[in-house]
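Residue numbers (the numbering used here): 1 to 267.
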């Protein structure tokens, strides 16, 4: 059987999937890989077009009827996450966000419910802020560690805000498997992804070398720093705290009229 596997062309996803893609771990399926930005993956998952994919946790509210959540592969930060940045001291009214289904967008709406938002491709948000087209922007991916170099100021770390509210990790992204493949196949895929993660950690320079292809100008040190932010103990196994974080976020979102009510299965 051939599986269509989607993930984003970002250093952390590349690092996680490297050994699986390179045939370094046992995997009984053929792989067809599709790399595209996370917002597109979210939309494809809503239509059930991918067998295995990374998604934003926000998007789970719209795909839980089609996909199992893997306890392996989650992107979670403890006391850190997407950063709201501005270029000046003006009042924040209009904020650039990276997508409708981005978890960063959902966190912003919970933390700063009065602001207006406009969607901007994630890799153009800093430019939008610097140009003055928007008052602030929510940075994901490598922008979280480089924004100060461009003279931008931090307004809020949404992961820090989330921790202050919940004492839980910030559940930004998940790996999911199409439920129609069945629980047994989902477990096989989960276990292979875990082995891929272990290989990357045991062969860090090799895996980081591959991840550098997707680093958008980051040097090896910054790439490693970013990977370490979101490939951590929660990625190996989200555990009970990770599960509670997902449930809490989606329940808060539902309670605030931002998402439908949802239940999901973790494998």
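Glycine included, each C-beta is placed from N, C-alpha and C at the ideal position.
Close beta carbons around residue i, own chain, < 7 Å, minus the five adjacent residues each side
i, result
"residue 179", "66, 67 and 68"
"residue 258", "106 and 109"
"residue 92", "86, 115, 135, 136 and 155"
"residue 237", "71 and 72"
Where residue i falls: helix, strand or coil (DSSP)
i, result
"residue 265", "coil"
"residue 238", "coil"
"residue 29", "coil"
"residue 43", "helix"
"residue 173", "strand"
"residue 231", "coil"
"residue 204", "helix"
"residue 157", "strand"
"residue 140", "coil"
"residue 52", "strand"
"residue 35", "strand"
"residue 4", "strand"
"residue 167", "coil"
"residue 24", "coil"
Proximity winner among the options, relative to residue i (alpha-carbon distances)
i, options, result
"residue 28", "190, 72 and 169", "190"
"residue 40", "33, 6 and 71", "6"
"residue 182", "154, 265 and 156", "265"
"residue 154", "211, 106, 89 and 174", "89"
"residue 62", "240, 255 and 250", "250"
"residue 43", "60, 9 and 30", "60"
"residue 8", "21, 34, 22 and 216", "34"
"residue 145", "241, 226 and 219", "226"
"residue 76", "104, 214 and 117", "104"
"residue 223", "235, 237 and 208", "208"
"residue 37", "205, 214 and 85", "214"
"residue 84", "137, 48, 71 and 58", "137"
"residue 87", "188, 134, 157 and 175", "134"
"residue 165", "175, 80 and 206", "80"
"residue 24", "206, 64 and 252", "206"
"residue 241", "118, 48 and 78", "78"
"residue 82", "49, 118, 157 and 45", "157"
Own chain partners of residue i with C-beta closer than 8 Å, once the 5 adjacent residues on each side are dropped
i, result
"residue 256", "109, 110 and 113"
"residue 31", "2, 3, 5, 20 and 21"
"residue 212", "11, 218, 220 and 223"
"residue 187", "267"
"residue 254", "61, 260, 261 and 262"
"residue 177", "51, 52, 67, 68, 70, 185, 186, 189, 190 and 267"
"residue 235", "16, 72, 73, 74, 75, 76 and 197"
Proximal residues to residue i (C-beta, below 6 Å), its chain only, five neighbours per side dropped
i, result
"residue 174", "55, 57, 69 and 74"
Any contact of the region 223-243 with the region 148-157, i.e. 3+ C-beta pairs under 8 Å?
no
Inter-stretch contact (C-beta, 8 Å, three-pair minimum) for the region 38-57 and the region 155-167
no
Under 8 Å: do the region 123-138 and the region 93-100 share three or more Cβ pairs, one atom per stretch?
yes
Count Cβ pairs between the region 137-145 and the region 111-124 that sit closer than 8 Å; are there 3 or more?
yes
Count the C-beta pairs between the region 186-201 and the region 100-114 that are closer than 8 Å, then say yes if the count reaches three, no if not.
no
Taking contact to mean 3 or more Cβ pairs, one atom from each stretch, closer than 8 Å, check whether the region 5-18 and the region 198-217 are in contact.
yes
Hey, which unbroken runs of the alpha helix (DSSP H) at 4 residues or more fall wholly within the region 64-138?
103-111 and 125-131
Please determine if the region 168-177 and the region 233-247 are in contact, where contact requires at least 3 C-beta pairs separated by less than 8 Å.
yes
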